[in-house]
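Its first residue numbered 141, the sequence shown is counted upward by one per residue in this note's numbering.
We treat Cβ as the ideally placed atom computed from N, Cα and C, and that holds for glycine.
Note that the structure is a prediction, hence the values are computed from the model and not measured.
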Amino acid sequence: MIPVSFAQRRLWFMSRLEGPSATYNIPLVVRLRGELDLKALELALTDVVDRHESLRTVFVEVDGQPYQRILPVEEAAPALVVRESSRERLAADVTDASEYAFGLESEIPVRASVLQVAVDHWVLVAVVHHIAGDAWSLGPLARDLAVAYGARCEGAVPEWEPLPVQYADYTLWQRELLGDEDDPESTGAAQVEFWRSELASVPEEGHSDRLSGGGSSGRGAG
């Protein structure tokens, strides 16, 4: 097993604290017109998950610590969820598909649904958990899915060069660079000490003239 990155550790901690939720979901919504080959799309989705290890990674806990477990594609091939919808229900159905709550310890962090609005009108909703990607990731995801779908519609497999680096490679590099936080000579320990010193003068309590909202809404603001 592979250690998690520090960003993944934060998201794993939040999932353990709050339980499964859609707070950190990143949806890709694409409207499709014309004939759609659902089998080819399902195979293309598997091709993309095979290409990107982060999309077939689950997060297991050992002695209280999270680790990445990269599944072979045979265990991680995602099923394409197909549902009937309508123009009246479409917005609600897209929201419902986007708010799927991943179980990160046992489910891969990507899920795809196809909503059929009419014979020639479809909406693809692909959802990636933030532990496996970010908003920038949606571009490569859409591109690779389109390439794989085109190949599968022709009865072929996508011809692309293997990725030179996977996210697990970055994680191991990050760990090597920062070192062990318990080692006072490590870069990671120095960064922790810097911020501990910088934040030492920050008051522990917030403004007493403002009422608490009663919990986190999960909404961000610019």
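Residue i burial status per 10 Å Cβ neighbour count (16 or more: buried)
i, result
"Thr-311", "buried"
"Thr-235", "exposed"
"Leu-264", "buried"
"Glu-193", "buried"
"Ala-237", "buried"
"Thr-327", "exposed"
"Phe-242", "buried"
"Gly-152", "The sequence shown places Trp at residue 152, not Gly. Result: buried."
"Ala-258", "exposed"
"Leu-195", "buried"
"Ser-225", "buried"
"Leu-244", "buried"
"Leu-255", "buried"
"Trp-335", "exposed"
"Leu-281", "buried"
"Val-144", "buried"
"Asp-320", "exposed"
"Asp-233", "buried"
"Ala-266", "buried"
"Ala-216", "buried"
Separation of residue j from residue i, as counted between CA atoms
i, j, result
"Gly-362", "Trp-300", "Its pLDDT being 48, under 50, Gly-362 is placed unreliably by the model, and nothing is read from it."
"Ala-218", "Glu-182", "Checking the sequence, you will find Pro at residue 218 rather than Ala. Looking at the two C-alpha atoms, the distance is approximately 8 angstroms."
"Leu-157", "Arg-150", "10 angstroms"
"Pro-302", "Trp-276", "20 angstroms"
"Ser-155", "Thr-163", "9 angstroms"
"Glu-247", "Ser-341", "42 angstroms"
"Gln-205", "Glu-239", "27 angstroms"
"Gly-279", "Val-169", "12 angstroms"
"Ala-288", "Asp-187", "7 angstroms"
"Gln-314", "Glu-294", "41 angstroms"
"Gln-331", "Glu-344", "21 angstroms"
"Asp-190", "His-270", "18 angstroms"
"Arg-229", "Pro-304", "43 angstroms"
"Pro-160", "Gly-174", "36 angstroms"
"Val-222", "Trp-262", "10 angstroms"
"Pro-324", "Arg-171", "53 angstroms"
"Val-202", "Gln-208", "11 angstroms"
"Leu-339", "Ala-180", "54 angstroms"
"Pro-167", "Val-268", "6 angstroms"
"Met-141", "Val-200", "9 angstroms"
Closest Cα partner of residue i within the set the options
i, options, result
"Leu-178", "Arg-336, Arg-292 and Arg-315", "Arg-292"
"Leu-220", "Ser-253, Asp-203, Val-287 and Val-305", "Ser-253"
"Ala-272", "Ala-288, Val-250 and Val-259", "Val-250"
"Val-198", "Pro-212, Gly-159 and Leu-176", "Pro-212"
"Leu-185", "Leu-168, Leu-285 and Pro-160", "Leu-285"
"Leu-176", "Asp-320, Gly-290 and Leu-318", "Gly-290"
"Phe-146", "Gly-174, Glu-338, Leu-318 and Leu-339", "Leu-318"
"Tyr-307", "Ala-231, Gly-174, Ile-210 and Gly-159", "Ile-210"
"Pro-298", "Asp-309, Pro-304, Arg-283 and Arg-171", "Arg-283"
"Asp-260", "Ala-231, Asp-274, Arg-227 and Glu-316", "Arg-227"
"Asn-165", "Ser-337, Asp-322 and Asp-274", "Asp-274"
At which residue ranges does the segment 207–258 contain complete alpha helix (DSSP H) runs of 4 or more residues, listed in the order of the chain? 213–216 and 230–238
Jot down the residue ranges of each uninterrupted alpha helix (DSSP H) in the segment 142–200, minimum 4 residues, whole runs only, in chain order. Fully contained in the segment 142–200 are the following alpha helix (DSSP H) runs of length 4 or more, in chain order: 146–158 and 178–191.
Quick check on the DSSP output: what are the complete alpha helix (DSSP H) runs of length 4 or more inside the segment 275–322, in order along the chain? With a minimum length of 4 residues, the unbroken runs of alpha helix (DSSP H) contained wholly in the segment 275–322 fall at 278–293 and 307–318.
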